[in-house]
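Below is one structure, written out as structure tokens; the observations come after it.
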DNA sequence: CAGTAAGCGAGACGGTACGTCCTGTCTTGGT
DNA sequence: ACCAAGACAGGACGTACCGTCTCGCTTACTG
């Protein structure tokens, strides 16, 4: 029979307050002003409690993403049946987040965090931390847009779209209506309208 | 009449050895192990000399990029007339850099630097620091591939392609032959072959 | 009637292994590298078991002294009838302990412990943890040495002798034969030989 | 020709405020509550500035002793020509320091510091940090007291006296008038009065 | 002979301090 | 004026221990 570990169990209260504190500081001051000491102080926790369960601040940020403490929850892709319209709405909501005062540094901070942590990178790719996969949605829309042939490389189309957003953030290029339109033309093909 | 300033002018030797030292450390240890003190020590230069001319380490890195101290010089896009083949070769060379031991962290470090410095982000977008614009090449190839209509959004296509590469790096997804193929299909449309 | 307590009694095994572990670490690494956690780990004991019975590490050390886990047992004062000879032998054995690699730091560690714990200080005074009182031996030898008048201040003579040893340790002055001789002259008066 | 070092020179202001802060904390809270961080904070100094010039807190304390920041300055041995009276006065002043609230822990702290630092131990031996040597005074008084023969071991007599004081502190034995008297009898021989 | 209360191992917890590294500013003396 | 060198105040790092607090177990006394 397996030897069961005895002793106190991980404190859920500590875990939550660490994640909350981290998410708050991240949103307020960005990834590079996020420090372990700052998290510990705001969370009312010893540093060792953080190091016991996470190996780096990027690890904490990754868990914040998982627990949805970090990104606005209204970024999910709508589902009206018209993929171009859905993506347009989605890109507009992303653009408005980016254009907000806090949003652009937040996304940039997230990219910085991703350079240190593969998991964050992966969640970024998966439609900016949104669970319902963008690639699946493109596949479901096959045939409704010029570039969405039944055997189109949906994953790569999705990557290209998200990658373009990331690149816009990195190069500080604004993402206005015309850009969104052209971006969708690039990915979906010319609009039939 | 304006008082002309006196004293020695900026030392080019110091400037070069700082950039060289920065590029070496960047390549060896990555952006977050790059420190002003480390640069000064390796360059045999006082810290003040660095602070006099640059305002941050990301500034130095940006200048390294301009002076081509940082990226392999053989990443330029070939020009055979066949844009799909040219891009294939180019993507393969990028992939081989990424797959090399030092390359992937280097690119990731560059992305990290870009999150702090718009200029670095812009150069990254401009075809991974390659001077001849990718978008222009796509425009020049208009008509030769399904998606390259004369009025296609070339800049956005280019962004999508580079963005996809960046996203691959961030999510640590390998970029093998098949992926390159599908990526080009996504951007250029299905191959006619 | 008072409620008599129930439950298991104090574990002698735990007590012994704590004292042994403490004595070992003390001897190996000195008083300031002696930690509660270290003792608990080496003794295979929970920290709480230590805190239940001792209030500080100096308390544990004091008990180690009582149980003679700490000091060499051969430091006792011989008894040949010639007090000067006896003290000479005794001082030589102390000197050889001090001169040994481990001995000097050990005594110094004991002094450090004594600064935190009166009991340790007292045992140090009582002839370096030797049970048979040095003062009593001097009194018994009254009349045999110049300074040992019947009404001599034996306790203070004893203190002066032990204090001199302690001071030698604190000031890292070696205690060679000549010093021992002069020390005895200081305490007992000039040798009649 | 020797290469002269250039650059800024050690800040005397920083040095002084570190020593002062250390002496204050030492006096207020004792050696084991004296921390590098506490010194740095009170001195308004970076920790690195401390580590640059001292290797441990015991080093700082040793320098405090040298600069006479630590011990009361009125402990010097009077000089009336009557060595027994002088020593009596001196021992009384030491006793009154020890009996004061702050004094006893201070001396004990000093002993603790001496266990870590030979220099502190040496200064402690040299008549409790008093510059004019006790042994020299005893030698000068040769012939005036029973035990002060011309060839008496003055250094060891002095050691015995100071050692007895230290031992009294370590064992928390009060040093009242009678004890002082007996101590002097032990060292100087019986009073002729 | 069950109930129950203490001892025990393990170890998580909020903290304090450690000694190191780096930041950006400053001072010094030399060219 | 610029430079190499490097001291300075400050802040964060990751580690080591502190003393307290569960946790689940194993005793041993008590009603």
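Residue numbers (the UniProt record's numbering), protein chains in the order written: chain A, 1 to 193; chain B, 1 to 193; chain C, 1 to 193; chain D, 1 to 193.
For glycine and all other residues, C-beta sits at the position ideal for the given N, C-alpha and C.
Nearest-angstrom Cα separation, counted from residue 120(D) out to residue 69(D): Taking the straight line from one Cα to the other gives about 13 Å.
Under 9 Å (Cβ pairs) to chain B, residues found in the region 159-170 of chain A: Among the residues of the region 159-170 of chain A, those with a Cβ less than 9 Å away from any Cβ of chain B are 159, 160, 161, 162, 163, 164, 165, 166, 167, 168, 169, 170, in the order of the chain.
Does the beta carbon of residue 88(C) come closer than 7 Å to any beta carbon on chain D? Nearest CB-CB separation between residue 88(C) and chain D: not below the 7 Å threshold.
To the nearest whole angstrom, what separates the beta carbons of residue 160(B) and residue 161(A), a pair I think is in contact under 8 Å? In this structure, residue 160(B) and residue 161(A) form a Cβ contact; the two beta carbons are roughly 7 Å apart against a cut-off of 8 Å.
Answer yes if the region 61-75 of chain D comes into contact with the region 107-122 of chain D, meaning at least three C-beta pairs across the two stretches below 8 Å, and no otherwise. Segments in contact, yes.
If you reduce the DSSP assignment to three classes, tell me which class residue 67(A) lands in. Residue state, collapsed to three classes: coil.
Tell me whether residue 12(D) sits in a helix, a strand or coil according to DSSP, three-state version. Residue state, collapsed to three classes: helix.
Taking Cβ to Cβ, would you say residue 145(D) is nearer than 7 Å to residue 182(C)? For residue 145(D) and residue 182(C), no; Cβs fall outside 7 Å.
Can you give the Cα-Cα distance for residue 128(B) and residue 116(A), rounded to whole angstroms? The alpha-carbon separation between residue 128(B) and residue 116(A) amounts to approximately 20 Å.
Identify the contact partners of residue 49(D) in chain C, using a Cβ-Cβ distance below 9 Å as the criterion. Under a criterion of Cβ atoms nearer than 9 Å, no residue of chain C is adjacent to residue 49(D); the nearest Cβ is some 25 Å distant.
Does the beta-carbon distance from residue 43(C) to residue 62(C) come in below 7 Å? In this structure, residue 43(C) lies away from residue 62(C), with their beta-carbon atoms at least 7 Å apart.
Using a Cβ cut-off of 8 Å, which residues of the region 135-150 of chain D contact any Cβ in chain C, in chain order? From the region 135-150 of chain D, only 147, 149 have a Cβ closer than 8 Å to chain C.
Strictly below 8 Å CB to CB, what residues from chain B border residue 156(A)? Here the neighbours are 164, 179, 182, 183, 185, 186.
Hey, could you find the ends of the alpha helix (DSSP H) residue 105(C) is sitting in? 103-116 is the extent of the alpha helix (DSSP H) around residue 105(C).
Does the beta-carbon distance from residue 125(B) to residue 167(A) come in below 7 Å? Result yes, Cβ atoms of residue 125(B) and residue 167(A) sit closer than 7 Å.
Taking 7 Å as the threshold (beta carbon to beta carbon), is residue 111(A) in contact with chain B? Under the 7 Å criterion on CB atoms, residue 111(A) is classed as interfacial with respect to chain B.
How should residue 57(B) be labelled, buried or exposed, when 16 other C-beta atoms within 10 angstroms of its C-beta is the threshold for buried? Counting Cβ neighbours within 10 Å, residue 57(B) comes out buried, since at least 16 surround it.
Residue from 23(B), 165(B), 191(B), 25(B) whose Cα sits closest to the Cα of residue 99(B): Residue nearest to residue 99(B) within the set 23(B), 165(B), 191(B), 25(B) is 165(B) (criterion: CA-CA distance).
Coarse secondary structure for residue 45(D), derived from DSSP in three states: Coil at residue 45(D), not helix or strand.
Please classify residue 143(D): is it buried, with 16 or more other beta-carbons within 10 angstroms of its beta-carbon, or exposed? Exposed, because fewer than 16 other Cβ atoms sit within 10 Å of the Cβ of residue 143(D).
Own chain, CB closer than 8 Å to residue 39(C), minus 5 neighbours either side, in chain order: These residues qualify, in order along the chain: 18, 21, 22, 25, 45, 50, 57, 60.
In whole angstroms, give me the CA-to-CA distance for residue 1(B) and residue 10(B). Since pLDDT at residue 1(B) reaches only 42, below the 50 mark, its modelled position is unreliable, and the value read off the structure follows with that caveat. C-alpha separation (whole angstroms): 24 Å.
Close beta carbons around residue 105(A), own chain, < 8 Å, minus the five adjacent residues each side: Excluding sequence positions up to five before and after residue 105(A), its CB lies within less than 8 Å of the CB of 30, all in the same chain and listed in chain order.
Complete runs of the alpha helix (DSSP H) confined to the region 150-182 of chain C [at least 4 residues]: Listed in chain order, the complete alpha helix (DSSP H) runs (minimum 4 residues) inside the region 150-182 of chain C are 154-170.
Check the Cβ of residue 114(D) against every Cβ in chain C and list those closer than 7 Å, keeping chain order. What residue 114(D) touches in chain C: 170.
If you measure from the beta carbon of residue 121(A) to each beta carbon in chain B, is any gap under 7 Å? Interface residue, yes.
Can a CB atom of chain B be found closer than 7 Å to the CB of residue 118(A)? So, interface residue.
With respect to the alpha helix (DSSP H) encompassing residue 75(D), which residues constitute its N-terminal and C-terminal limits? Boundaries for residue 75(D): no alpha helix (DSSP H) harbours it, and the DSSP string shows neither H nor E there.
If we cut at 7 Å on Cβ distances, does residue 153(B) have a partner in chain A? Yes - at least one Cβ of chain A is within 7 Å of the one on residue 153(B).
Suppose you measure from the CA of residue 78(B) to the CA of residue 4(D); what does that come to, to the nearest Å? So the two alpha carbons sit approximately 56 Å from each other.
Inter-residue spacing [alpha-carbon to alpha-carbon] between residue 12(A) and residue 170(B): Computed Cα separation, rounded: 31 Å.
Let me see if you follow: with CB-CB separation under 7 Å, is residue 29(C) close to chain D or not? Proximity of residue 29(C) to chain D, defined by a Cβ-Cβ separation below 7 Å, is not satisfied.
Roughly how many whole angstroms lie between the Cα atoms of residue 187(A) and residue 176(B)? When rounded, the distance between both Cα atoms is 21 Å.
I'd like to check one pair, residue 93(A) with residue 75(A): are the Cβ atoms closer than 7 Å? A Cβ-Cβ contact shorter than 7 Å links residue 75(A) with residue 93(A).
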